[in-house]
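Enquirer:
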Amino acid sequence: MLFNSYIFLFLFLPITLIGFHFIGRYTKANIAIAWLVGASLFFYGWWNPAYLILLLFSIIFNFSVGVFLSRNSKGNLAHKAILLFGIITNLSVLGYFKYANFFIDNLNSLAQTNILLNEIILPLGISFFTFQQITYLVDAYYQETKEYSFLYYCLFVTFFPQLIAGPIVHHKEMMPQFLKDTIYKLQTKNIAIGLTIFIIGLCKKVIIADGISVYSTPVFNAAEAGILLTFFEAWTGAIAYTFQLYFDFSAYSDMAIGVGLMFGIVLPLNFNSPYKARNITDFWRRWHITLSKLIRNYLWDPLSLTLTRFAITRGYGNLRIFILTIIFPILFSFFWIGLWHGAGWNFILFGFLHGFYIVIYHIWIKFKLNFLDFQLINNSKLSKSLGWLITFICVVFAWILFRANNLDSAINLYRGMLGLNGYVLPESYLIILNKFLGFGNFLEANGFKFGVSGFFGGITQIGLFFIVGFIAFIMPNTYQFMSNSLPKKLSKELDEVKINFKPLNWRPTYLFSLLLAAIFAFTVLSISKNSEFLYFQF
Amino acid sequence: METKYILNFIKNTAIILVLLLPILLFLFSTGEFQSIASAANKQILEKNNSIYGVAFRNNTIEYKLQMLSKVNPKIITLGSSRVLQFSKEMFKKDFYNLGNSMSSINEGFEISDYIINQNPDIVFFGVDFWWFNENWIIPRPLETKEALLNNIEKPYSIDISNIMETIKWIFSGKITLSDIYNQFNSGSSNIGLQGIYGDGFRSDGQHFSSRTIAGKIPSHDIKFITTTDEVNIGTRYNFSKGINAKHYENFLMLVKKISLSGTKVIIFFPPFAPEINTALINSNKIKFIEILKNKFIKDNLSFYDFTNSKKISSSSCEFIDGIHPGIVTNARLLLKISQNDDKVHKYLDYEYVKNIVNNNQGLSYLPNNEISSLPEVDYLDIGCQK
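Going down the list, the sequences are from chains A and B. Position one of the first sequence corresponds to residue 66 (my numbering), numbered consecutively onward. Position one of the second sequence corresponds to residue 2 (my numbering), numbered consecutively onward.
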């Protein structure tokens, strides 16, 4: 079931919410939890009931392993073996559903074999609930989890706002919330804030993300069909997709947090204006925050620490230490981030490309420390702006690999973006540009063509990009608008919580309710053919 | 305070939705969001004069291919919007006008399989000489063929821009309250927001611009100024690099492909308005049509050249704009072809076509009360007696 569907908005959500608070108020908390688990399983099963079995198996298996790990003291061999067994089982299931076809295809082409595997349908959200439970097992191994009932564990995994596309939540940040009495009582403040955040997210998805997709999808389809894309067409597709993904994922994160709040549950922040990032590490601190944290805490940190110890004991020099403790863990971590997003070489390259960006950034930092008197670095405004621009362009380039269905279409787009397929502007621009000292003729003499510019919609499209760019680059994000009212747990995660212009700060006033109603009404009327969230495919 | 906020939100949402409801109902009642498959079925059932014209999207190719498969014609006109003014009454056998579904040779290839599947007896292929221009960037379909046809059964979805645009049109008077009332009161056999005004495609693929010819909407080519400017400075008329050999080769392949199953392909250069023909001569751009003609002759490709509309006794008044001949001009053109081609003569409703020419001189459309009760006026402002 999709958040942006009528059935969710007008049936599932109200019934589940009213039912939860009603049961919570008049009966026991356990029954309310059972209601929410039941509703979450229904939400998941709506897509494909058969995969409910997989989800339930995963829950039962991980709960059993987790309980065993938390009951036995860590460190002994059996304990370690059980943890390893748990992780391998989880990864094997994920590997089968997500990567088997990719593996077989590559094996066939490398070994010239002809192994056939039926098309495996990727269960929704498998990467999310698998990783969530692996972290639970690791936490249980280190005795960082308390033991709760199976029912509570079920809710930790299946809680429908975060089940399909995150945020990836931790056992220790969710379980204590389920125990609070307050969540079972209807709290209008939470409902008002949650509803507002949810509707902002819905609007971002339906109006902005789906609206921009009409500019990106045809370009990527054309690239896949082998049509040569000109410079402006390729950039149109790339920029459109960059914003589409931003608003799509940001929308889902808002909606998940909003719905969570309506149930009194605070989900972690997963998206914090990533296109405002001034360097690539800053970008990953703002984009898919919970995945970045997970990879950092459970992969990068342990690996880097181990390698640092190794390098120090061996007495390696600076360069070798840098390679072993910085470059290698970064590339290794980003290889997994790439692979996590999808089974394909384009995803692996996407990961490596971002890893490469971060390595370059680390080298730059080292360079900067040695050349502090360099004028450009001293000019903080200029260097920050340049940093932002370079980061954004790097991100746009990487999204091509992320979106393209195969490497050939990505290369086709890159060729267009680099101007290798020529430059074509709309025919009418020749006359307009010629009014400026014959600039049109100058361009024509220098390789530009004027004609039917295909996927490039000209000034209207650029205007649209400016508007969505303004929202993404300049405007405060949802949580900054709501900063005065957010639960502390959420607001402390933001780095620039307050916005200076007071009238923009959300308050439960009549004017804001009218604005929200208008946004909601127009958004609901604009809901199209149930377009899925892009992150569902992971 | 929060409780009040939530209640106000619910109340305001309800008010806004109730206010927007009439606009939504109006839009839906026009059939603007109907799926192409369902619109095509409706048009086939309505038989003659139902017009399909949507305002919020360009779906001509998908729509025309769907209609083509429904009509299963023996005679087809193929080409750009310049061949849109041929109608089924002109022929004795089933006819479909595929005009406006091919604005370049590669688009012709995209739809050629659909034409071949119908196994037509005759295809009238109107050729635009700029298709061969090395300088001109070839338009391409926005989606691949498969993507275009995948959504034929799905109704279109409304979005916020559609609602806002409709509100804008109501305030600017393009849609009047009486239009909305009439739509609710009596409905229309036409489909789509343009269709209800008689602007769009009839079930045989002929296009109608009822409001323009009645002077309700200004023509974009008053006194042929726009087209004359285009001839002088427009890219597609600028042949500085000559004719593209690859495009020409593809064109020959396309003709051969359609002809292979026994279909007779009649190639012709559609007429230009006399003023535009003169502009082509004055700017010496006419020579590229001559080059093409020589190439056709060299390759034994028979064709008809109607570039100069005076040769078939047409006049500026029989044109919709500088490059789009009206139905009377096309009737003249068909009579000319039928004099030289027995098969065309056999398929043509000769008397009907002759009557068009004899009784409607100086008109670009035939009067048709079922489509529009408004008479044709001198909408190009060139002093035509209509």
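The beta carbon of each residue, even a glycine, is placed where N, CA and C say it ideally should be.
1) Closer than 9 Å, Cβ to Cβ, to anything on chain B: give me those residues from the stretch 236-260 of chain A, in chain order.
2) Using only the alpha-carbon positions, how far apart do residue 119/B and residue 591/A sit?
3) Quick check on the burial criterion: 16 or more other C-beta atoms within 10 angstroms. Buried or exposed for residue 416/A?
4) Return no unless some Cβ of chain A is closer than 8 Å to the Cβ of residue 34/B.
5) Cβ of residue 103/B less than 8 Å from any chain A Cβ?
6) Would residue 590/A pass as an interface residue toward chain B - the criterion being a Cβ-Cβ separation below 8 Å?
7) Could you pull the start and end residues of the beta strand (DSSP E) that residue 99/B belongs to?
8) Near residue 260/B, what residues of its chain come up, given a Cβ to Cβ distance below 8 Å and the 5 sequence neighbours on each side ignored?
9) Cα separation between residue 143/B and residue 158/B?
10) Could you work out which residues of chain B lie near residue 496/A, taking near to mean beta carbons separated by less than 8 Å?
11) Kindly identify the DSSP beta-bridge partner or partners of residue 78/B.
12) Would you call the CB atoms of residue 53/B and residue 202/B closer than 8 Å?
13) Among the candidates 166/A, 206/A, 256/A, 270/A, whose CA atom is the shortest distance from the CA of residue 584/A?
14) Use the C-beta contact count for residue 218/A: other C-beta atoms within 10 angstroms, 16 or more gives buried, fewer gives exposed.
15) Could you tell me which chain B residues have their CB closer than 7 Å to the CB of residue 617/A, listed as they occur along the chain?
16) Can you grab the Cα-Cα spacing for the pair residue 367/A / residue 69/A, in whole Å?
17) Answer yes or no: does any C-beta atom of chain A fall closer than 8 Å to that of residue 143/B?
18) Quick one: what's residue 326/B bridged to in DSSP?
19) Can you check DSSP and say which residues form a bridge with residue 134/B?
20) Under 8 Å: do the stretch 419-432 of chain A and the stretch 389-404 of chain A share three or more Cβ pairs, one atom per stretch?
21) I'd like to check one pair, residue 320/A with residue 359/A: are the Cβ atoms closer than 8 Å?
22) Under 7 Å Cβ-Cβ, which residues of chain B neighbour residue 575/A?
23) What does a CB cutoff of less than 8 Å around residue 588/A pick up in its chain, not counting 5 residues either side in sequence?
24) With a 10 Å radius around its C-beta and 16 neighbouring C-beta atoms as the bar for buried, classify residue 89/B as buried or exposed.
25) Measure how close the beta-carbons of residue 47/B and residue 241/B come, nearest whole angstrom, since I'm counting them as under 8 Å.
26) Find the residues of chain A that neighbour residue 21/B, judging by a C-beta separation of less than 9 Å, and give them in chain order.
27) Counting along the chain, where does the beta strand (DSSP E) carrying residue 490/A start and finish?
28) Please tell me whether residue 298/A and residue 107/A are closer than 8 Å, where the distance is taken between their beta carbons.
29) Sorted by chain position, which residues of the same chain lie with C-beta nearer than 6 Å to residue 232/A's C-beta, five sequence neighbours on each side aside?
30) Would DSSP call residue 514/A helix, strand or coil?
31) Under 8 Å by Cβ, that's how I've got residue 243/A and residue 228/A pegged, so tell me the actual separation to the nearest angstrom.
32) Within the 8 Å Cβ cut-off, does residue 160/B reach chain A?
33) Determine, for residue 582/A, whether the minimum Cβ-Cβ distance to residues of chain B falls below 8 Å.
34) Work out the CA separation of residue 57/B and residue 83/A for me, nearest whole Å.
35) Looking at the C-beta of residue 272/A, does it have a partner C-beta in chain B at a distance below 8 Å?
36) What does residue 108/B touch in chain A if you count any residue whose Cβ is under 8 Å from its own?
Expert: On the basis of the supplied data:
1) 252, 253, 254, 255, 256, 257, 258, 260
2) 38 Å
3) buried
4) no
5) no
6) yes
7) 96-100
8) 266
9) Confidence at residue 143/B is low in this model, with a pLDDT of 44, below 50, so the placement of that residue should be treated as unreliable; the coordinate-derived value is given next. Rounded to whole angstroms, residue 143/B to residue 158/B spans 19 Å at the Cα level.
10) 234
11) 98/B, 125/B
12) yes
13) 270/A
14) buried
15) Summary: the structure shown does not reach residue 617/A, with chain A confined to residues 66 through 603, and so no result is reported for it.
16) 39 Å
17) Residue confidence for residue 143/B is low, a pLDDT of 44 falling below 50, so the modelled location carries little weight; the figure read from the coordinates is stated next. Yes, its Cβ sits closer than 8 Å to a Cβ of chain A.
18) 320/B
19) 244/B
20) yes
21) no
22) 9
23) 264, 267, 268, 271, 272
24) buried
25) That belief does not hold up - the Cβ atoms of residue 47/B and residue 241/B are roughly 49 Å apart, past 8 Å.
26) 586, 587, 590
27) 488-491
28) no
29) 332, 333, 335, 355
30) strand
31) That belief does not hold up - the Cβ atoms of residue 243/A and residue 228/A are roughly 15 Å apart, past 8 Å.
32) yes
33) yes
34) 39 Å
35) yes
36) Within chain A, no residue comes near residue 108/B; the closest Cβ sits about 11 Å away, beyond 8 Å.
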